[in-house]
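Read the structure below first, then the notes.
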Amino acid sequence: MARALWKGAISFGLVHIPVELISASLDHELDLSMLDRRDFAPIGYKRYNKHTGKEVEWDDIIKGYEYKTDEYVVLSDEDLRQANVKATQTIDILTFVDAAEVPLTFYEHPYYLLPAKGGEKVYALLRETLRKANKVGIASVVMRTKQHLCALVCVGDAIVLNTLRYADEIRPTDDLDLPASTLKAAGISDKELKMALSLVEGMSEAWEPEQYHDSYREDVLALVKKKIKAKQTKTITPPAPEPEEEHASNVIDLVALLQQSLGKKASAAPVRKRTAASPARKTASARRKAA
2 MARALWKGAI
12 SFGLVHIPVE
22 LISASLDHEL
32 DLSMLDRRDF
42 APIGYKRYNK
52 HTGKEVEWDD
62 IIKGYEYKTD
72 EYVVLSDEDL
82 RQANVKATQT
92 IDILTFVDAA
102 EVPLTFYEHP
112 YYLLPAKGGE
122 KVYALLRETL
132 RKANKVGIAS
142 VVMRTKQHLC
152 ALVCVGDAIV
162 LNTLRYADEI
172 RPTDDLDLPA
182 STLKAAGISD
192 KELKMALSLV
202 EGMSEAWEPE
212 QYHDSYREDV
222 LALVKKKIKA
232 KQTKTITPPA
242 PEPEEEHASN
252 VIDLVALLQQ
262 SLGKKASAAP
272 VRKRTAASPA
282 RKTASARRKA
292 A
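Residues 2 to 292 (my numbering) make up the sequence shown, in order.
Okay, here's the thing in structure tokens:
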């Protein structure tokens, strides 16, 4: 099982639920190393003392807050914990809100909350309460020297802690150049809207996250294998010339584009790869015909 990133308790009124926090996300980012283009040797970085220039071992590194130029207050891990013991050990639920009220722009990173020994029953109580009420708990927690706003969300049999951005960390849309908020002001006709809705309906199906994957990562790995096979491991591909910009007309025939899109959707019946344990579902059009 994954290593716990944090241990403490959820504070729920007078109830305390002992929990552990583990990451809910897995990183599949390509691991690219930086190389010296002259001899392809890997690049390394050293931790050094800015006064002496000498390298510093990890065991000799401590933390400090610079309160004026070159003057620091030393802060140990225990100092940071003692600054507010309760905040560093407690996920303090402040309020509950409807799940739909929290805009997606506020969500940051998901973590699973697991009940610690003896907390299983009250954990299940909070989980089912969130599920039945269709609410999320808005809470605060300190992790890695920062206090986070977070949402406790029921996801299947788990409670997920999703860190949230603060309101002043969200860029307002007021100063963005966006189209008008009404159909008439945006120049959208009823026919265009009706056709767009038909296209959306034709492309609608059940959410199956397993069918989506990082195809670009696969393309890069295929290129790596190709270069290895061709013995071009140290060949630097020059940048391709920039394509000339096409000066498109400002007049767009949306109706024609939507008609073409609807025609392509009707003629193309994509077959997605599925596992044996995941039988193919009826397409949206097939479901409508069956109805």
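Just so it is clear, CB atoms sit at the ideal spot from N, CA and C, and this is done for glycine as well.
Would you kindly report the start and end of the unbroken alpha helix (DSSP H) that includes residue i?
i	result
residue 1	Past the edges of the chain, shown from 2 to 292, lies residue 1, and the structure says nothing about it.
residue 188	Unbroken run through residue 188: none, as it is neither H nor E.
residue 79	78 to 83
Any idea what DSSP makes of residue i, helix, strand or coil?
i	result
residue 280	Confidence in residue 280 is poor, its pLDDT being 44 and thus under 50, which makes the residue's placement too unreliable to answer from.
residue 89	helix
residue 264	helix
residue 221	helix
residue 63	coil
residue 320	It is not possible to answer for residue 320, since the shown part of the chain is limited to 2 through 292.
residue 27	coil
residue 148	strand
residue 13	strand
residue 45	coil
residue 274	Residue placement at residue 274 is flagged as unreliable, the pLDDT there being 48, under the threshold of 50; the coordinate-derived value follows with that caveat. Note: residue 274 maps to coil in three-state DSSP.
residue 286	The pLDDT assigned to residue 286 is 43, lower than 50, so where the model puts this residue is not dependable, and the model offers no usable value.
residue 203	helix
If distances are taken between C-alpha atoms only, which option among the options comes closest to residue i?
i	options	result
residue 60	220, 77 and 72	77
residue 131	112, 140, 97 and 145	97
residue 103	82, 116, 64 and 138	138
residue 27	62, 112, 235 and 170	112
residue 142	99, 170, 95 and 173	95
residue 8	63, 202 and 117	117
Leaving out five residues on either side along the sequence, give the residues of the same chain with a beta carbon under 7 Å from the beta carbon of residue i.
i	result
residue 49	55, 56 and 57
residue 81	146
Could you name the residues of the same chain whose beta carbon sits closer than 8 Å to that of residue i, not counting the 5 residues immediately before and after it, in chain order?
i	result
residue 66	73, 74 and 76
residue 68	74
residue 192	256
residue 44	34, 35, 36 and 37
Subject >> Cβ pair count under 8 Å reaching 3, the stretch 153 to 165 against the stretch 52 to 68 >> reply: no
**OP:** Could you say if the stretch 123 to 140 and the stretch 166 to 175 meet the contact criterion of at least three C-beta pairs nearer than 8 Å?
**Re:** They do not touch, by the three-pair rule.
Original post:
Are the stretch 198 to 213 and the stretch 177 to 190 touching by the rule of at least three beta carbon pairs closer than 8 Å?
Top reply: With a cut-off of 8 Å, the stretch 177 to 190 and the stretch 198 to 213 do not count as touching, because too few Cβ pairs lie within range.
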